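The opening position of the sequence shown corresponds to residue 1 in full-length UniProt numbering, with each subsequent residue numbered one higher. Report on the following structure.
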Amino acid sequence: MGLYTYNSEDIKKTDRITQLVENLYAKMPEIESARALLITESYKETENEPIIIRRAKAYKHIVENIPITIRDLELIVGSSTLAPRGCQTYPEFSYEWLEAELDTVETRSADPFYIGEKTKKDLREIHPYWKGKTTSDLATSYMEPETLLAIEHNIFTTGNYYYNGVGHICVKYDEVLAIGFSGIKERAKKELETLSPGDGDFQTKSRFLEAVMMSCDATIAYGRRYAELALSMSEKENDSTRKMELLHIAENCSNVPENGARSFYEACQSVWFVQQLLQLESSGHSISPGRFDQYMYPYYEKDLKAGKITREFAQELMDCIWVKLNDLNKVRDAGSAEGFAGYSLFQNLIAGGQNEDGIDVTNDLSFMSIQASRHVFLPQPSLSVRVWNGSPHEFLVKAAELTRTGIGLPAYYNDEVIIPSLESRGLTLQEARNYCIIGCVEPQIMGKTEGWHDAAFFNMCRPLELVFSRGVDKGVQIGPKTKAVEEMGSFEEFYDAYKTQMNYMIELLVNADNAIDVAHAARCPLPFESSMVDDCIKRGKALQEGGAIYNFTGPQGFGIANMADSLFVIKKLVFEEKKISMKDLKEALITNFGKGLAPEDIADIASQVAGEMVTDKKNLNETEIAAIIKGIVETFESAEVKEKGEKILALIEEVPKFGNDIEEVDLFARDVAYTYTRPLEKYKNPRGGIFQAGLYPVSANVPLGAQTGATPDGRLAHTPVADGVSPRAGADENGPTAAANSVAKLDHYIASNGTLFNQKFHPSALSGERGLDNFVGLIRSFFDQKGSHMQFNVVDRNTLLDAQKNPDQYKHLVVRVAGYSALFTTLSKSLQDDIIKRTEQGSYDAN
């Protein structure tokens, strides 16, 4: 938008923001029971009504009765809990895991929450009502036995939506700002008036539209509650400055979100109400503000030109929103908490990029978004920037300056890949140009999409294990009974066996996702959320029923680097060079390359032996079976086996690895990635949309790696698998440019649900003006080669090690985890270790 005169360094962080951040993190996050009690009360009163009406009445009951608060110094108000960073619970989705963890959630290693005894009592009293009524209960009943078996054996996990709401959406913030919920209600009312009682779908459409109108009324009432609270507080306030602030808050909340915003300040307040209430309704994470700098800019520009606002105050308001985004929180089950460690809600806000006409629209708010993240210096929002050949260099330098602080923000996205990728999925060019990012790395068009991104984690290493075991895991036949590896005569035969195991498990993954999808439509349609997504009102359908214009399901595969390197090792060492026999390799994997068996490995052998005894109908007693197991274990732990395992590992280490710009290896990795991305494309979901693959793990590569045995790339058993599409930690030995060149050779277009490329630099690599220019050059070079996404940690290893030992001294140390940033000291030790082990680049060659 013209020449840039804005200097972000002119706008300093205020004392208010410093204090708001300190107040936010003064205590451990707390679980509250108000929402769970209110929704249970409502559901008990609406037993025989249509589910969409029940959901609307429950939402109304919650927002009209949940305790509200205005925290000290706040300019933007609206909180889902009384406690800062607290969370409500959502028993309609699931509750059994929480019931089981009520006494341990405070002391667990990942994302602990304080929970009072009164709250425990409240939840234990209402939970029995939900037995058999949750989305997870219904989803389970829709899954095939083979699907449940695959989940039990950790081939993939669907815990995200199995136990929680979906989220992963960007709604029409721009429409709310323009017409408010009174205008949205009027749209629904007019659509309702076009219906006739004799229409075949009158019953469902009319009840949906009534639910939307009810939700709009409830949202308007919520804003008024805050107007009344602010006015009441102002009457008791002695400080004249704070009294005026409260009166201004009351005026804002008396107009928004009911009506369209009249100012930038009101627009900020309205956006926040939408953000907060979406979470309160749905339990979903990755509810993302999207292109904030675009839909907010008209209000900012108008007020600035009229002299109604200064850049300094506008920056402070944005800073306040950034703080509030860190106030939202959710509790997950212990296993999921390990995979999403860091209390993250993945609220992605993206800046820069082009408009529908292909014109760059970077503006003041784009720069101020970067500055807000620098001021607040917290994980949320998960700030992203769009990059294309029209991006201003100074904008990317400002982004690089933020990256240099070590916060792990922003992430960088390539318009030149993402736009055509979305077009290939049916979006128009104009729509695709207006994309934003949801959650970690998932592209979406705002206000028209139910993307079901992050629908499952698929561990590509587990089907490889099943090739070696002929589909058996822990003594149970869970996959196809492929040929014994010792009998395979070519690499192609082995590769085909892997594809067989993959295809079988991918179909079961689809079955699981679709079962959960159907359950959400049947039991938890969301009328408030649906009111802000096209074309739900016109179609008379909730988002969960297929009301959106674009419907996708996006489960992600991970372990690409491990699989590429593993299969390349087998191709080279076993079949081409014949340096290792398949029998010896299989033995080396079982014994963790001679490093001995872990307790879980011995348990697996015991299960395997016991299963074989039953299959072969051998009537052996427990003593005889135990003797067989003991003999196997002694053999595997012998000095001879240990020496052989070490030699095999040494041979593996000499084989070229993905991440070093070696054409043969990199193109092989591209083909391996297709074993996941291509099969998914043929499947459809219950909303009439298609499946699209993502290649990223969030941080699940750590806990799910702990469930995976040794792999032929030299990765030891029960250690993390590779992060996203990044090379395996330590395997990229030729520098960051070589690693980027390798990753760019993957097909990022087909992985239209997003790819994730992590790099870690020593701070010295980005020092000075030259360091920043070289860094921007690295990004542009990667994107010129059609890479899709890059993100960075800029921190030295010694700092991370010291933070592990002295966490109290590093309370504000933020790092990039996966598709999000988090406070380092809040992460589990296993995840901290994974970040520490990532290859640290001291300098790079920006040729």
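We put the CB at the ideal spot given by N, CA and C, even for glycine. Owing to the predicted nature of the structure, the values given are computational and were not obtained by experimental measurement.
- For secondary structure counted as the alpha helix (DSSP H) over 4 or more consecutive residues, the region 614 to 639 holds these complete runs in sequence order: 622 to 636.
- Ile-549 is positioned such that its CB atom lies no closer than 8 Å to that of Cys-436.
- In the DSSP annotation of this structure, the continuous segment of the alpha helix (DSSP H) that includes Tyr-173 starts and ends at 173 to 193.
- A contact is defined here as three or more CB-CB pairs under 8 Å, and the region 406 to 422 fails this definition with respect to the region 318 to 337.
- Per DSSP, the beta bridge partners of Pro-443 are Ile-437.
- A direct Cα-Cα distance of roughly 11 Å separates Phe-792 from Arg-838.
- Ala-227: not part of any beta strand (DSSP E); member of the alpha helix (DSSP H) spanning 202 to 236, first to last residue.
- With contacts defined as CB atoms closer than 8 Å, Lys-786 and His-748 qualify as a contacting pair.
- Of all C-beta pairs linking the region 74 to 81 to the region 106 to 126, fewer than three are shorter than 8 Å, placing the two stretches out of contact.
- Under DSSP, Thr-158 shares a beta bridge with no residue.
- Counting the other CB atoms within 10 Å of its CB gives Gly-78 a total of 16 or more, which places it among the buried residues.
- The beta carbon of Thr-482 lies closer than 7 Å to those of Val-467, Arg-470, Gly-471, Ala-497, Thr-500 and Gln-501 in the same chain, with the five residues before and after it left out.
- When secondary structure is reduced to three states using DSSP, Gly-557 falls in the strand class.
- The beta carbon of Asn-154 lies closer than 6 Å to those of Gln-707 in the same chain, with the five residues before and after it left out.
- Relative to the Cα of Gly-260, the nearest Cα in the group Asn-164, Met-296 and Asn-621 belongs to Met-296.
- Ranked by Cα distance from Thr-737, the first of Val-721, Ile-53, Gly-777 and Gln-354 is Gly-777.
- Here Asp-671 is exposed, its C-beta having fewer than 16 other C-beta atoms within 10 Å.
- Rounded to the nearest angstrom, the gap between the Cα atoms of Lys-60 and Ser-270 is 18 Å.
- Beyond the five residues adjoining it in sequence on each side, Asp-293 comes within less than 7 Å, by CB distance, of Ala-351, Asn-363, Leu-365, Ser-366 and Ser-369 in the same chain, given in chain order.
- With 16 or more other CB atoms across the displayed protein chains lying within 10 angstroms of its CB, Leu-402 is buried.
- For Gln-315, the secondary structure class from DSSP, reduced to helix, strand or coil, is helix.
- Considering only Ala-26, Val-21 and Tyr-129, the residue with the shortest C-alpha distance to Ile-39 is Tyr-129.
- By the C-beta density criterion, Ser-215 is buried, having at least 16 other C-beta atoms within 10 angstroms.
- A residue is called buried once 16 or more other Cβ atoms fall within 10 Å of its Cβ, and Asp-601 is buried on that count.
- Rounded to whole angstroms, Met-460 and Phe-156 show a C-alpha spacing of 9 Å.
- When only Cα atoms are considered, Ile-220 and Leu-827 end up about 38 Å apart.
- In the DSSP annotation of this structure, Arg-816 is not part of any alpha helix (DSSP H); the continuous beta strand (DSSP E) holding it starts and ends at 814 to 816.
- DSSP lists Thr-553 as the bridge partner or partners of Phe-691.
- Only exposed fits Asp-201, as fewer than 16 other CB atoms lie within 10 angstroms of its CB.
- Cβ contact annotation for Ile-418 (same chain, cutoff 7 Å, sequence separation greater than five): Tyr-435, Pro-443 and Ser-788, in chain order.
- Ser-240 carries a helical assignment under DSSP once its states are collapsed to helix, strand and coil.
- Taken in chain order, the complete beta strand (DSSP E) segments of 3 or more residues contained in the region 710 to 786 are 758 to 761.
- If you draw a straight line from the Cα of Glu-507 to the Cα of Lys-682, it is about 10 Å long.
- Taking a C-beta distance under 8 Å as the contact criterion, Gln-692 and Arg-386 do not qualify as a contact pair.
- According to the DSSP secondary-structure assignment, Ser-109 is paired through a beta bridge with no residue.
- In this structure, Ile-287 sits away from Gln-380, with a CB-CB distance that is not shorter than 8 Å.
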